[in-house]
Amino acid sequence: MKLVPSSVRFLKCARLERMITKRIIPCLDVQDGRVVKNVKFFENHRDAGSPLELARAYEAQSADELVFYDITATHQGRKLMLEVASQVAESVMMPLTIGGGVSTVEDFRSLLLTGADKISVNSSAVRDPELIRRASDHFGAQCVVLSVDAKKRSSGIGWTVHVGGGRIDTGLDLLEWVERGQALGAGEIVLNVMDADGTQSGFDLGATRAVAEAVDVSVVASGGAGKLEDFYDVLTIGKADAALAASVFHFGTLTVPQVKAYLRSRGLNVRDG
Amino acid sequence: MKVPIKALLIDYGSGNIRSAAKALERAGFEVLVSSDPAQVAAADALVIPGQGHFRQVMEHFDASGFREPLLEATQRGVPLLGICVGMQMLFDSSSEAPGLAGLGLLGGHLERFETGQNPVPQMQWNTLEPVGDSPMMLDLPCNPFAYFVHSYYVSLDSEIDSGAITDYGLPFWSVVSKGNIHGTQFHPEKSQAIGLKMLENFRRFAEKN
Chain A
857 MKLVPSSVRF LKCARLERMI TKRIIPCLDV QDGRVVKNVK FFENHRDAGS PLELARAYEA
917 QSADELVFYD ITATHQGRKL MLEVASQVAE SVMMPLTIGG GVSTVEDFRS LLLTGADKIS
977 VNSSAVRDPE LIRRASDHFG AQCVVLSVDA KKRSSGIGWT VHVGGGRIDT GLDLLEWVER
1037 GQALGAGEIV LNVMDADGTQ SGFDLGATRA VAEAVDVSVV ASGGAGKLED FYDVLTIGKA
1097 DAALAASVFH FGTLTVPQVK AYLRSRGLNV RDG
Chain B
85 MKVPIKALLI DYGSGNIRSA AKALERAGFE VLVSSDPAQV AAADALVIPG QGHFRQVMEH
145 FDASGFREPL LEATQRGVPL LGICVGMQML FDSSSEAPGL AGLGLLGGHL ERFETGQNPV
205 PQMQWNTLEP VGDSPMMLDL PCNPFAYFVH SYYVSLDSEI DSGAITDYGL PFWSVVSKGN
265 IHGTQFHPEK SQAIGLKMLE NFRRFAEKN
C-alpha cells in the first residue's frame, strides 16, 4: 500500500514547524572516576561530584546530551573511565559522548562497547588525522566527533589549533582543520575557544560562526558560557547547533531548564523534556 | 501474573547494544542478547539494533546467519523492531550501499539528506508526527521528541502502513509499522521517557500477538 502522507496525517496535536532544535549539553571532566572542572585551564581542580549522580541529575533536567571528558593521564584512570561510561550508559537513556586520550580505533571500539554514542578526538587527530577516517570507516561518521581547541592568532586575524590542553600551538589554521576533519569523516565538530574557556564571559561568537559556516556537520560551541544571553548569542549570531557548558551547570549558576526556557522565550526551538 | 515477553536482541557485531538491552529490560521485556541464530525460534519478539555504515552492518548481519531464521520468524508473525540502521535494514536497499540487498521486509529505499541546508548527519532531538494508527505511537504526548543520528532517511513513498513522520528539510518516515514489522529511525534507548514509552508500546504489541 502506498500512502500520500500529506493527506493522511493524523492531526490529533497542533502541528509544530520545528525541524531544528538547539541542544544544551553539560560537559563533565572526569579524573580517576570523579568529575572535576578546571575553573580555568591549568588552575586548581574542584570536585563537583560523582559522574553517575550528575548524569542522573542532568537526565532529570532534560539535558539533550552528556559529554564526559577524561582528563586522566594514567592507564589505571583510563580503565576507571570505561567503568564510569558503562555505569552511566546503563543508568540513563540519553546520548553520551566520551573524549580524552582516544588515539586508536581500538580505543573507539572499547568506548563504544560501554554504551557511549559518540567518541571525541582532539590532539590525537592532529597527530594522526587518518585516525578520523579509520574510525569513521569502522563505526560511521555519526560517532566521530572532532573536538578542537583554538586560540586567536597574535596578529588578531583568524585562529590556530592548539593541543596538549592548550599549551602547544600547532600553527594549523582552525578553518582548514575543521574542513579537513569533516572531509576525513568527522560527523560533528566541538569548538572550544581557549581565549573564552573558563572565563564565563561568553562564547567566542566570531570563531564559532566561522566554523559553522565552513562545515556541513553540526557545530557544538564550548567554552565561556556564563549567562543566559551567552547561549542565545552563540546559537544565533554564532550559528552553533548546540552549546556545551560545565561550570555554570555543575555549580548551579544556571540550570538546563532555565537556559531552555530563556531560549524558548526568545523564539528558539528547544526540546521541552 | 503475566508471562514476560522474551525479546531476542540480535547481536551480530554492530557495536554497542548494552543501552538497548537495558532499555528493553526497563520496558518490561525479558531480554536475551545472543549471536546464535538458533535462538530466533524461541523468541516472542525480535529486536535488530544497528549503527554505522549500511554496507558493513548488512554484511555483518548476513555473515551472522540471522537472515533466514529472522525472515522465517517474521512470516510466522513474530513482532520485530528495527532500531536506527537496524530499521534501515528492513527495507529493500540504501543509497549508502548501492546494489546491496536489505532484508526487503518493507518496500522502499533509503536516500541521503542533501548537504547545504541543515547539518548532515542530522544529530539532534526532533519531533514525531503520528500517521495512521501504529501501535508504536499509542498514548504519546503531543509532538514527542526523539533523538536522531543519521544521514539516510526512509522516503515518503515507501510501503508503510502507519508510523510517524519527522521533518528535517524534508519529511521522512521516522517510525515505520506494517503488520508485525516495526522500526524507529531514532534511538528509543537514547530518547528518555518518550523512547521508553515506545519500547513499552512494542512490548504491549508483542503481548497481544
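Protein chains in written order, with the numbering used here: chain A, 857 to 1129; chain B, 85 to 293.
For glycine and all other residues, C-beta sits at the position ideal for the given N, C-alpha and C.
For clarity, every value in this text was computed on a predicted model and none was experimentally measured.
The beta carbon of Y252 (chain B) sits closer than 8 Å to some beta carbon of chain A. Assignment of E915 (chain A) by DSSP, reduced to helix, strand and coil, places it in the helix class. Of all residues in the segment 262-286 of chain B, the ones placed with a Cβ closer than 9 Å to any Cβ belonging to chain A are K262, H271, P272, E273, K274, S275, Q276, A277, G279 and L280, in chain order. In this chain, the alpha helix (DSSP H) harbouring Q943 (chain A) covers H931 to S947.
Counting of Cβ neighbours within 10 angstroms places L189 (chain B) among the buried residues, the total reaching 16 or more.
C869 (chain A) has a beta carbon lying within less than 8 Å of a beta carbon in chain B.
Neighbours of T877 (chain A) in chain B, taken as residues whose beta carbon is under 9 Å from its own, are Q208, W209, N210, T211 and F229 in chain order. At a cut-off of 8 Å, the C-beta of Q172 (chain B) has no neighbouring C-beta in chain A. In the three-state scheme derived from DSSP, where H, G and I count as helix and E and B as strand, F289 (chain B) is classed as helix. Within chain A, no C-beta atom comes nearer than 8 Å to that of V238 (chain B); the closest sits roughly 11 Å away. For V1001 (chain A), the enclosing beta strand (DSSP E) begins and ends at V1000 to K1008.
By the Cβ-count criterion, K86 (chain B) is exposed, with fewer than 16 other Cβ atoms from all chains shown falling within 10 Å of its own Cβ. Look at A91 (chain B): its C-beta is not under 8 Å from any C-beta on chain A.
In the three-state scheme derived from DSSP, where H, G and I count as helix and E and B as strand, D251 (chain B) is classed as strand. Secondary-structure assignment with DSSP links Y236 (chain B) through a beta bridge to B:R196. Considering only beta carbons, the part of the segment 115-135 of chain B lying closer than 8 Å to chain A consists of Q135, in chain order. The three-state secondary structure of Q159 (chain B), taken from DSSP, is helix. Going by DSSP, P882 (chain A) is part of the beta strand (DSSP E) stretching over R879 to Q887.
Apart from the 5 residues on each side of it in sequence, I1024 (chain A) sits with its Cβ closer than 7 Å to the Cβ of H1018 in its chain, given in chain order. Taken atom to atom, the span from the alpha-carbon of K1095 (chain A) to that of L254 (chain B) is near 21 Å. Nearest CB-CB separation between P951 (chain A) and chain B: below the 8 Å threshold. Taken in chain order, no unbroken stretch of alpha helix (DSSP H) lies wholly in the segment 106-137 of chain B with a span of 4 residues or more.
The beta carbon of D1005 (chain A) is closer than 6 Å to those of H1018, G1022, N1048 and M1050 in its chain, skipping five residues each way along the sequence.
DSSP, reduced to helix, strand and coil, places H266 (chain B) within a strand of the structure shown.
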